[in-house]
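For reference, the structure discussed in these notes is given below.
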Amino acid sequence: MKKLLVAVAAVLVSASAFAQGQLNFNNRLTGVVDAPISRPDGTGAGAGVTAELVLVQGGSETVLTPVTTFRTSSAAATFYVNPVDVIVPGVQAGQTATLKVRAYEGASYATATLRGESATFNLALGGTPPGGAPLTPPALAGLQGFALQVVPEPSTIALGVLGAAALLLRRRK
104 MKKLLVAVAA
114 VLVSASAFAQ
124 GQLNFNNRLT
134 GVVDAPISRP
144 DGTGAGAGVT
154 AELVLVQGGS
164 ETVLTPVTTF
174 RTSSAAATFY
184 VNPVDVIVPG
194 VQAGQTATLK
204 VRAYEGASYA
214 TATLRGESAT
224 FNLALGGTPP
234 GGAPLTPPAL
244 AGLQGFALQV
254 VPEPSTIALG
264 VLGAAALLLR
274 RRK
């Protein structure tokens, strides 16, 4: 009985591996992609900035793992991420996934005061499709570079609205 359970578990694990496409999260690969990511001042994103790949399916977005950081070896390299291989769950090898790249400085994209994201792009995934030969995980062909933007803190916005309201009220008198 134990052998049967082990065999069934092995089959399920290997079958689930086929259901996932793969890609190489890299925004610079000569002849394939050159999509620099910069800060508002035009310098590279560099140290302290995290980059994540997001799977866009219908109205939902799923952050893929692992996330990565930016290169720091030279000023020219700071525009580009440290490459990592990413598995895309739920999308088979050979199928096309809709993706976007987000970058941020801080604990998370939602709370970051410096952040940005690319336009969505489509990419045929690598990996081993069911009943097919292995496909090389592709780099992010189709990705366009973008610049991070400063996101004003809500308190700054609230103060601006209060100031504008005060000016309008004073003007009425």
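Residue 104 is where the sequence shown starts when you use my numbering, and the numbers rise one by one after that. From the three backbone atoms N, C-alpha and C, an ideal C-beta is built for every residue, glycine too. Quantities reported herein were computed from a predicted structural model and do not represent experimental measurements.
Please classify V136 as buried or exposed, where buried requires at least 16 other C-beta atoms within 10 Å of its C-beta. Position 33 of the sequence shown, counted from the first residue, corresponds to residue 136. With 16 or more Cβ atoms within 10 Å of its Cβ, V136 is classed as buried.
What would DSSP say about V114, mapped onto helix, strand or coil? Taking the sequence shown and counting its residues from 1, one reaches residue 114 at position 11. With a pLDDT of only 49 at V114, under the threshold of 50, the placement of this residue in the model should not be trusted; the figure read from the coordinates follows. Of the three classes helix, strand and coil, the one that applies to V114 here is helix, per DSSP.
Look up V159 in the DSSP assignment and give the residues it is bridged to. Taking the first residue of the sequence shown as position 1, residue 159 is located at position 56. Answer is E164, bridged to V159.
Among Y183, G245, A267, which residue has its Cα nearest to the Cα of R131? Stepping through the sequence shown from its first residue, residue 131 is reached at position 28. Closest by C-alpha distance to R131, out of Y183, G245, A267, is Y183.
Cβ neighbour criterion (16 or more within 10 Å) applied to V116: Against the sequence shown, residue 116 aligns to sequence position 13. The predicted model places V116 with a pLDDT of 48, which falls under 50 and marks its position as unreliable, so this point remains unresolved.
Just to check my reading of the structure: G230 and A268 have Cβ atoms closer than 8 angstroms, yes? What is that Cβ distance to the nearest angstrom? Along the sequence shown, read from residue 1 onward, the residue named residue 230 stands at position 127. Along the sequence shown, read from residue 1 onward, the residue named residue 268 stands at position 165. By a beta-carbon distance limit of 8 angstroms, G230 does not contact A268. Their separation comes to about 56 angstroms.
Would you list the one or two residues that DSSP bridges to N225? On the sequence shown, position 122 is the one that residue 225 refers to. Paired residues: T201.
How is L217 classed by DSSP in three states: helix, strand or coil? As a position in the sequence shown, residue 217 is number 114, starting the count at 1. Here L217 sits in strand by DSSP.
Under the three-state reduction of DSSP, which class applies to A120: helix, strand or coil? Along the sequence shown, one-based indexing puts residue 120 at 17. With a pLDDT of only 49 at A120, under 50, the local geometry of the prediction cannot be trusted, and no value is derived from it.
Inter-residue CB distance, A210 and I140 (contact presumed, cutoff 8 angstroms): Taking the sequence shown and counting its residues from 1, the one referred to as residue 210 is at position 107. Taking the sequence shown and counting its residues from 1, the one referred to as residue 140 is at position 37. That pair is no contact at about 19 angstroms.
Where does the unbroken beta strand (DSSP E) through D144 begin, and where does it stop? Counting from one through the sequence shown, the residue named residue 144 turns up at place 41. Unbroken run through D144: none, as it is neither H nor E.
If you count every other CB in all the chains shown that lies within 10 Å of the CB of E256, and 16 or more means buried, which is it? Translated into positions along the sequence shown, residue 256 becomes position 153. Answer is exposed; the Cβ neighbour count stays below 16.
Look at V152 and F128 and say whether their C-beta atoms are less than 9 angstroms apart. Position 49 of the sequence shown, counting from 1, holds the residue named residue 152. Position 25 of the sequence shown, counting from 1, holds the residue named residue 128. Not closer than 9 angstroms, so no.
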